[in-house]
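Enquirer:
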Amino acid sequence: MEFRLLGAVSVATEAGEPPLGPAKRRSLLAALLLKPNRPVPVERLTEALWDDEPPLRARSVIQGHVSRLRVLFADAHAEMFGVELVTQGTSYMLRMPETLLDAHRFEELVTLARCQRAPGDAAAMYQEALSLWQGPALTGAYPSPPMQAAALTLEELRLATVESLAAAYTRMGDHTRAAAVLGAEADAHPLRESLSAALMRALQRAGRRSEALDRFHRTRRLLADELGVDPGRELADAYAVALRGAHEEAAEAAEAADPAEAPATAPAPAPAAPSGPPAVPAPDVVDLLPRMPRGFHGRAAELTALSRAAAGESPVCLVTGPAGVGKTALVVHWAHRNRAAFPGGLLYADLRGFSDTGEPTHIEVLREFLLALGVAPRRIPESANGASALFRTLAAGRQLLVVLDNARGSDQVRELLPGGARCVTVVTSRYRLRGLIASDAARPVPVDVLGAKDGTALLAAVLGEERVLAEAVAARRLAELCGGLPLALRVAAARLADQPDWSLSAMSVELSDESRRLALLDVEDTGVRAALRLTVRRLPDDVARHFAHLGRHPGTSIDRFTAAALAGTDPATAEATLDKLTAAHLLTRTAPGRWTLHDLVRLYARGLDSEPEALVRVLDQTVATALAAAGAAEPGDESCFALPADFRPPRAVREFADREQAMAWYAAERDDLALAAVAARDAGLHSRTWRIVLAMWPQMVWRVRDGWVPVLEAALEAARADADTRAESRVLALLGWVLTEEGRTDEALVHLEAAPALAAKAGDPRGEATALVNLSLVQAALGGTEEAAEGCTRAAELARGVGDAHTERLALHHLARHQLDARRWRSAFDTAAAALALDGSDAPSASRVLLLTAAGEALLGMGEEAEGIRRLEEAAGEAESFGYDEGAVRALAALLRVSADVGLRARYDTAMVRLMDRT
Numbered sequence: 008m009e010f011r012l013l014g015a016v017s018v019a020t021e022a023g024e025p026p027l028g029p030a031k032r033r034s035l036l037a038a039l040l041l042k043p044n045r046p047v048p049v050e051r052l053t054e055a056l057w058d059d060e061p062p063l064r065a066r067s068v069i070q071g072h073v074s075r076l077r078v079l080f081a082d083a084h085a086e087m088f089g090v091e092l093v094t095q096g097t098s099y100m101l102r103m104p105e106t107l108l109d110a111h112r113f114e115e116l117v118t119l120a121r122c123q124r125a126p127g128d129a130a131a132m133y134q135e136a137l138s139l140w141q142g143p144a145l146t147g148a149y150p151s152p153p154m155q156a157a158a159l160t161l162e163e164l165r166l167a168t169v170e171s172l173a174a175a176y177t178r179m180g181d182h183t184r185a186a187a188v189l190g191a192e193a194d195a196h197p198l199r200e201s202l203s204a205a206l207m208r209a210l211q212r213a214g215r216r217s218e219a220l221d222r223f224h225r226t227r228r229l230l231a232d233e234l235g236v237d238p239g240r241e242l243a244d245a246y247a248v249a250l251r252g253a254h255e256e257a258a259e260a261a262e263a264a265d266p267a268e269a270p271a272t273a274p275a276p277a278p279a280a281p282s283g284p285p286a287v288p289a290p291d292v293v294d295l296l297p298r299m300p301r302g303f304h305g306r307a308a309e310l311t312a313l314s315r316a317a318a319g320e321s322p323v324c325l326v327t328g329p330a331g332v333g334k335t336a337l338v339v340h341w342a343h344r345n346r347a348a349f350p351g352g353l354l355y356a357d358l359r360g361f362s363d364t365g366e367p368t369h370i371e372v373l374r375e376f377l378l379a380l381g382v383a384p385r386r387i388p389e390s391a392n393g394a395s396a397l398f399r400t401l402a403a404g405r406q407l408l409v410v411l412d413n414a415r416g417s418d419q420v421r422e423l424l425p426g427g428a429r430c431v432t433v434v435t436s437r438y439r440l441r442g443l444i445a446s447d448a449a450r451p452v453p454v455d456v457l458g459a460k461d462g463t464a465l466l467a468a469v470l471g472e473e474r475v476l477a478e479a480v481a482a483r484r485l486a487e488l489c490g491g492l493p494l495a496l497r498v499a500a501a502r503l504a505d506q507p508d509w510s511l512s513a514m515s516v517e518l519s520d521e522s523r524r525l526a527l528l529d530v531e532d533t534g535v536r537a538a539l540r541l542t543v544r545r546l547p548d549d550v551a552r553h554f555a556h557l558g559r560h561p562g563t564s565i566d567r568f569t570a571a572a573l574a575g576t577d578p579a580t581a582e583a584t585l586d587k588l589t590a591a592h593l594l595t596r597t598a599p600g601r602w603t604l605h606d607l608v609r610l611y612a613r614g615l616d617s618e619p620e621a622l623v624r625v626l627d628q629t630v631a632t633a634l635a636a637a638g639a640a641e642p643g644d645e646s647c648f649a650l651p652a653d654f655r656p657p658r659a660v661r662e663f664a665d666r667e668q669a670m671a672w673y674a675a676e677r678d679d680l681a682l683a684a685v686a687a688r689d690a691g692l693h694s695r696t697w698r699i700v701l702a703m704w705p706q707m708v709w710r711v712r713d714g715w716v717p718v719l720e721a722a723l724e725a726a727r728a729d730a731d732t733r734a735e736s737r738v739l740a741l742l743g744w745v746l747t748e749e750g751r752t753d754e755a756l757v758h759l760e761a762a763p764a765l766a767a768k769a770g771d772p773r774g775e776a777t778a779l780v781n782l783s784l785v786q787a788a789l790g791g792t793e794e795a796a797e798g799c800t801r802a803a804e805l806a807r808g809v810g811d812a813h814t815e816r817l818a819l820h821h822l823a824r825h826q827l828d829a830r831r832w833r834s835a836f837d838t839a840a841a842a843l844a845l846d847g848s849d850a851p852s853a854s855r856v857l858l859l860t861a862a863g864e865a866l867l868g869m870g871e872e873a874e875g876i877r878r879l880e881e882a883a884g885e886a887e888s889f890g891y892d893e894g895a896v897r898a899l900a901a902l903l904r905v906s907a908d909v910g911l912r913a914r915y916d917t918a919m920v921r922l923m924d925r926t
């Protein structure tokens with residue numbers, strides 16, 4: 008067993024990593040792990056879980072999370088490893104061997120490394136210590152001030168260890184490895200002077216003095232721009248040493264050329280911190296880079312990843328991402344920052360793979376490169392093969408950077424690769440270019456949209472911090488509406504800069520209108536639509552048509568069945584198309600078999616589609632899939648509606664092997680099913696609206712307090728607009744039941760009193776029976792127990808008359824509950840037993856759990872305690888076996904009324920925590 012803080016907060020067991028749940032539970036575990044074997048007061052835990060005023064029920068929430076962690080530890084047999092989460096007064100303590108904690112082993116290895124006399128042994132231990140890090144410390148924990156402070160402390164220890172490792176390499180005389188270790192960290196922490204100073208010393212000792220000087224100038228500028236300070240003594244001393252070495256080299260070179268011109272004495276040390284503008288590259292260094300991008304912000308992780316990818320021998324780095332995400336700006340910014348690392352030259356070519364102006368030929372690009380490298384025009388071969396061979400020959404002896412921007416495909420790039428051992432090639436593309444990865448071991452550096460913080464910072468870079476800070480909430484909303492896409496953010500900022508009196512709030516309101524959003528994100532020849540148009544234009548015609556249809560999808564998640572329905576094709580063809588669109592960064596794969604579109608891409612696709620039938624097809628596919636899921640979740644139950652006359656059967660419908668698969672699909676599609684119902688309503692497709700909602704009934708039964716009222720009210724409105732009395736009665740019955748469960752009894756009564764009569768009018772005895780059962784719940788809540796029992800008896804008779812055992816069983820279950828409330832124990836037991844006999848199956852189900860619970864409670868009331876406890880234990884065990892938490896809570900609560908068993912209390916707490924997490 009292992010506890011991890013150095014990366015994502017997690018617990019590793021022999022069976023894998025059990026899910027820890029929400030961020031606050033991770034923070035609770037992290038707070039206990041940061042102080043192992045010491046009591047941590049609830050007040051300190053509260054500070055770790057909330058960064059502002061905690062809720063009134065904070066202590067209860069903490070208790071719930073503690074209960075869940077105890078269950079997790081029990082499942083992992085933590086007691087075998089000496090791990091126990093105990094309560095001490097108003098504190099909690101995690102008893103454990105500290106060797107199980109990665110942070111403890113890290114500090115122990117660092118301490119041992121410092122005691123080693125041999126630098127090789129020290130370096131090995133430092134390496135082992137650093138290998139324990141799997142990412143930023145305390146990832147996944149709630150970012151409260153105490154957690155952030157703890158993460159910062161751990162990060163400081165890591166950086167100090169990196170510096171110690173580099174020092175060990177230096178003592179070994181391996182200055183190149185010292186520089187490599189320090190380089191990536193100095194890029195990631197450019198304001199940490201000790202890192203930059205150590206890197207400068209390593210670079211100088213490795214014979215890379217020009218790079219050391221460049222590092223100083225870059226750090227000096229950053230300190231001045233970001234903090235308004237000059238370099239400290241350590242950094243200034245490193246600069247003086249590097250500069251003195253440069254003068255000595257110059258003197259040695261002059262003496263070798265003409266000893267008479269050599270200076271008689273060594274030059275005086277240079278000043279520690281020079282003034283004036285930064286040094287410019289030597290005039291003989293080839294530099295074809297575009298100018299440094301203005302307003303560039305963030306991207307620290309991507310810059311570090313690019314530096315690491317470029318650190319290998321003759322690497323090809325592949326920077327990919329969607330149109331407008333800022334790939335070119337990232338690469339050009341990185342190239343300017345690292346220009347000193349490429350004294351052989353910096354070459355750049357725009358391959359215009361997604362341009363209106365056409366792509367340059369290989370010979371055109373090679374001719375420009377060769378001329379820049381000093382080849383006379385008459386010596387440049389006329390063939391692309393010859394020019395490519397000459398380019399590789401010249402590059403072989405140089406330390407060269409080649410940037411190939413906007414590549415369309417791998418074939419466009421291969422002839423332009425330098426191939427020299429000290430050359431680095433960076434390729435940018437909207438496509439993934441898997442062929443280049445396969446043939447040339449290109450190292451991918453994916454670039455995604457900006458987060459809200461970096462998005463608002465980009466706005467501030469254009470508009471000024473004062474204007475953005477004055478409307479911080481609106482700026483964040485603006486970044487969200489632009490989807491974090493840098494191109495969209497820059498266009499929005501350009502519009503605001505052109506209108507200084509226009510508020511960010513007003514711009515956010517304008518962009519909230521989806522019908523105008525893309526138009527507002529275009530200025531002159533620049534904008535999101537223009538960028539996407541060039542990407543889509545490169546797609547094959549059939550793929551482009553599929554893409555356009557995706558814009559009609561009302562939900563956020565797409566699978567191959569959805570895509571097939573939208574395009575009117577089969578799932579296999581649709582999946583192949585989705586893969587091509589993913590390679591073009593028009594889709595993002597979020598999980599195996601699932602994709603999503605960026606909001607702006609979705610709006611653009613919708614504008615391309617002129618076939619409204621695509622929406623009808625996908626809605627009918629949604630109805631068909633939901634019916635298949637309902638059939639698997641509740642086998643043997645009749646369908647709650649017939650398909651409409653104009654229904655368009657999809658070519659294929661997802662199949663569900665069992666209830667577990669069906670309920671997992673319902674959970675994953677919860678939001679998208681609601682969005683589909685809304686889209687159907689907005690399109691006036693009332694017959695689809697209420698059918699989609701009614702087909703969700705198994706999930707409503709499963710998670711009744713999951714906010715179903717708005718979507719059911721939309722279904723009721725649609726059923727009435729469709730003039731379908733049967734549908735209206737069914738929706739009223741379901742809506743009334745949900746309102747009852749939410750405690751809104753008066754509202755529920757209005758709907759449920761109307762439902763049975765409407766069902767009878769529509770000739771729907773099953774619907775009438777269900778409505779009577781649901782009405783009985785309100786009647787019982789209002790004190791009419793006998794009236795409720797009569798309604799359930801009538802419901803059972805109606806269901807029996809049409810051979811509907813499922814509804815009869817439901818009616819008998821509620822009749823048993825009403826009899827229990829009336830303390831008619833024998834009648835309740837007989838009714839529950841009769842309902843159980845209707846099925847004849849021992850397979851776990853929600854209905855069986857509730858009936859077993861009713862039977863167990865009746866037996867307890869009759870004084871047959873042993874048999875009652877056995878039935879309740881059976882109900883609780885079955886509910887826990889398939890995740891029916893509400894059923895488990897009900898059965899365990901009944902058991903706790905006759906038992907004070909600690910294990911029962913822990914199981915009850917676990918089920919309650921899961922319910923709390925969902926509600």
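To convert a position in the sequence shown, counted from 1, into our numbering, add 7.
Using N, Cα and C, we set each Cβ at its ideal position, and we do this for glycine too.
(1) With the cut-off set at 8 Å, would you say Ser783 and Gly798 are in Cβ contact?
(2) Mind listing, in chain order, the continuous beta strand (DSSP E) runs of no fewer than 3 residues lying wholly within the stretch 295-342?
(3) Helix, strand or coil for Trp57 per DSSP?
(4) Less than 8 Å separating the beta-carbons of Trp697 and Val757?
(5) If we ignore side chains and look at the alpha-carbon of each, how far apart do Glu676 and Ser564 end up?
(6) For Thr435, count the other beta carbons within 10 Å of its own beta carbon; 16 or more makes it buried, fewer makes it exposed. Which is it?
(7) Does the beta carbon of Gly404 fall short of 7 Å from some heavy atom of the ligand MN?
(8) Taking Glu352 as part of the beta strand (DSSP E), name the residues at either end of that continuous run.
(9) Within 10 angstroms of the Cβ of Lys334, are there 16 or more other Cβ atoms? Answer buried if so, exposed if not.
(10) Flag this pair as yes or no: are the beta carbons of Leu735 and Ala726 separated by less than 8 Å?
(11) Quick check on DSSP: helix, strand or coil for Glu114?
(12) With distances taken from CA atoms, which of Leu817, Glu618, Ser34 is nearest Thr146?
(13) Throw me the rounded Cβ distance for the Gly351 and Arg405 pair, which I believe falls under 8 Å.
(14) Between Phe361, Arg359, Pro297, Val700, which lies nearest to His340 when the distance is taken from Cα to Cα?
(15) Have a look at Ala633 and Ile699 and give me their C-alpha separation to the nearest angstrom.
(16) What ranges does the beta strand (DSSP E) occupy inside the stretch 659-717, keeping only unbroken runs of at least 3 residues that lie completely in it?
(17) Do you know how far the Cα of Ser67 is from the Cα of Asp665?
(18) Please report the straight-line C-alpha distance between Leu411 and Thr603, rounded to a whole angstrom.
(19) By Cβ distance, which residues of its chain are closer than 6 Å to Ala280, with the 5 residues on each side in sequence left out?
(20) Unbroken alpha helix (DSSP H) runs of length 4 or more, entirely within the stretch 50-105: which are they?
(21) Expressed to the nearest angstrom, what Euclidean distance is found between the alpha-carbon atoms of His196 and Asp232?
(22) List the residues that DSSP assigns as beta-bridge partners of Leu411.
(23) Flag this pair as yes or no: are the beta carbons of Asp194 and Leu310 separated by less than 8 Å?
(24) Name the two residues that bound the continuous alpha helix (DSSP H) containing Glu872.
(25) Since Leu52 contacts Ala157 with CB under 8 Å, what's their CB separation in whole angstroms?
(26) Just the C-alpha distance for Ala913 and Ala85, rounded to the nearest angstrom, thanks.
(27) Please look up how many angstroms separate the CB atoms of Arg77 and Leu92, rounded, as I've assumed it's under 8 Å.
(28) Pick out the complete beta strand (DSSP E) segments inside the stretch 418-473, 3 residues or longer, and give them in chain order.
(29) Going by CA-CA distance only, name the one from Arg773, Ala722, Asn781 that's closest to Thr747.
(30) Which runs of the beta strand (DSSP E), 3 residues or longer, sit entirely within the stretch 578-662?
(31) What is the residue span of the beta strand (DSSP E) that Glu9 lies within?
(32) Quick one: what does DSSP say Leu145 is sitting in, helix, strand or coil?
(33) Taking the continuous alpha helix (DSSP H) assigned at Ala6, which residues delimit it?
(34) On the CB-based measure, 16 or more other CB atoms within 10 Å of its CB, does Thr94 come out buried or exposed?
(35) Between the C-alpha atoms of Ala289 and Ser217, what's the straight-line distance to the nearest angstrom?
(36) Would you decide whether Val909 is buried or exposed? Buried here means 16 or more other CB atoms lie within 10 Å of its CB.
Expert: Once the coordinates are examined:
(1) On the sequence shown, position 776 is the one that residue 783 refers to. On the sequence shown, position 791 is the one that residue 798 refers to. Gly798 sits close to Ser783, with the two beta carbons spaced by under 8 Å.
(2) Listed in chain order, the complete beta strand (DSSP E) runs (minimum 3 residues) inside the stretch 295-342 are 323-327.
(3) Sequence index remark: in the sequence shown, residue 57 carries index 50 (1-based). Reduced to three states, the DSSP call for Trp57 is coil.
(4) Taking the sequence shown and counting its residues from 1, the one referred to as residue 697 is at position 690. Taking the sequence shown and counting its residues from 1, the one referred to as residue 757 is at position 750. It is not a contact, given that the beta carbons lie outside the stated cut-off.
(5) The residue labelled residue 676 in the question sits at position 669 within the sequence shown. The residue labelled residue 564 in the question sits at position 557 within the sequence shown. Each residue's alpha carbon lies about 8 Å from the other.
(6) As a working note, residue 435 is residue 428 in the sequence shown. Label assigned to Thr435: buried.
(7) You won't find the ligand MN in this model; it holds no ligand whatsoever.
(8) Within the sequence shown, numbered from 1, the residue matching residue 352 stands at position 345. Residue identity check: residue 352 is Gly in the sequence provided, not Glu. For Gly352, the enclosing beta strand (DSSP E) starts and ends at 352-357.
(9) Taking the sequence shown and counting its residues from 1, the one referred to as residue 334 is at position 327. Looking at its Cβ environment, which holds 16 or more other Cβ atoms inside 10 Å, Lys334 is buried.
(10) Reading the sequence shown from its first residue, position 728 is the one you call residue 735. Reading the sequence shown from its first residue, position 719 is the one you call residue 726. A small correction: the amino acid at residue 735 is Glu; Leu does not occupy that position in the sequence shown. It is a contact, given that the beta carbons lie within the stated cut-off.
(11) As a position in the sequence shown, residue 114 is number 107, starting the count at 1. Here Glu114 carries a helix assignment [DSSP, helix/strand/coil].
(12) Taking the first residue of the sequence shown as position 1, residue 146 is located at position 139. Residue nearest to Thr146 within the set Leu817, Glu618, Ser34 is Ser34 (criterion: CA-CA distance).
(13) Position 344 of the sequence shown, counted from the first residue, corresponds to residue 351. Position 398 of the sequence shown, counted from the first residue, corresponds to residue 405. Cβ-Cβ separation between Gly351 and Arg405: approximately 3 Å, consistent with a contact (criterion under 8 Å).
(14) Here the question's residue 340 lines up with position 333 in the sequence shown. Minimum Cα distance to His340 is reached at Pro297.
(15) The residue you call residue 633 lines up with position 626 of the sequence shown. The residue you call residue 699 lines up with position 692 of the sequence shown. So the two alpha carbons sit approximately 7 Å from each other.
(16) Under the rule that a run must span 3 or more residues, no beta strand (DSSP E) segment is found entirely inside the stretch 659-717.
(17) By 1-based counting over the sequence shown, the position of residue 665 is 658. By 1-based counting over the sequence shown, the position of residue 67 is 60. CA-to-CA, the gap between Asp665 and Ser67 works out to about 36 Å.
(18) The count along the sequence shown starts at 1 and reaches residue 411 at position 404. The count along the sequence shown starts at 1 and reaches residue 603 at position 596. Rounded to whole angstroms, Leu411 to Thr603 spans 29 Å at the Cα level.
(19) For the purposes of this step, residue 280 is taken as residue 273 along the sequence shown, with counting starting at 1. Interpretation of Ala280 is limited by its pLDDT of 30, a score under 50 that renders its predicted location unreliable; no figure is taken from the coordinates.
(20) Unbroken alpha helix (DSSP H) stretches of 4 residues or longer found wholly inside the stretch 50-105: 65-82, given in chain order.
(21) Numbered from its first residue, the sequence shown carries residue 196 at position 189. Numbered from its first residue, the sequence shown carries residue 232 at position 225. Approximately 15 Å, taken between the alpha carbons.
(22) Here residue 411 corresponds to residue number 404 of the sequence shown, with the count starting at 1. Assignment of beta-bridge partners to Leu411 by DSSP yields Ala356, Val434.
(23) As a first step, residue 194 is located in the sequence shown; it is residue number 187 there, counting from the start. As a first step, residue 310 is located in the sequence shown; it is residue number 303 there, counting from the start. The Cβ atoms of Asp194 and Leu310 lie closer than 8 Å to each other.
(24) On the sequence shown, residue 872 is found 865 positions in, with the first residue counted as 1. Its alpha helix (DSSP H) spans residues 872-888.
(25) Sequence index remark: in the sequence shown, residue 52 carries index 45 (1-based). Sequence index remark: in the sequence shown, residue 157 carries index 150 (1-based). That pair is no contact at about 13 Å.
(26) For this step, residue 913 is matched to residue 906 along the sequence shown. For this step, residue 85 is matched to residue 78 along the sequence shown. In a straight line, the C-alpha of Ala913 is about 16 Å away from that of Ala85.
(27) Position 70 of the sequence shown holds residue 77. Position 85 of the sequence shown holds residue 92. Rounded to the nearest angstrom, the Cβ distance from Arg77 to Leu92 is 5 Å, consistent with a contact under 8 Å.
(28) Qualifying beta strand (DSSP E) stretches, in chain order: 431-436, 450-453.
(29) Counted from its first residue, the sequence shown places residue 747 at position 740. For Thr747, the closest alpha carbon among the candidates Arg773, Ala722, Asn781 is that of Asn781.
(30) Runs of the beta strand (DSSP E) inside the stretch 578-662: 595-598, 601-603.
(31) As a position in the sequence shown, residue 9 is number 2, starting the count at 1. Its beta strand (DSSP E) spans residues 9-11.
(32) Taking the first residue of the sequence shown as position 1, residue 145 is located at position 138. The three-state secondary structure of Leu145, taken from DSSP, is coil.
(33) Residue coverage of the chain in this structure runs from 8 to 926, which leaves residue 6 outside it and unanswerable.
(34) Looking up residue 94 in the sequence shown gives position 87. Classification of Thr94: exposed, given that the 10 Å Cβ count is below 16.
(35) Residue mapping note: residue 289 aligns to position 282 of the sequence shown, counting from 1. Residue mapping note: residue 217 aligns to position 210 of the sequence shown, counting from 1. Unreliable positioning characterises Ala289 in this predicted model, as indicated by a pLDDT of 40, which lies under 50. The coordinate reading is nonetheless provided below. So the alpha carbons of these two residues sit roughly 11 Å apart.
(36) Working through the sequence shown from its first residue, we reach residue 909 at position 902. Burial is judged here by how many other beta carbons sit within 10 angstroms of a residue's own beta carbon; Val909 has fewer than 16 and is exposed.
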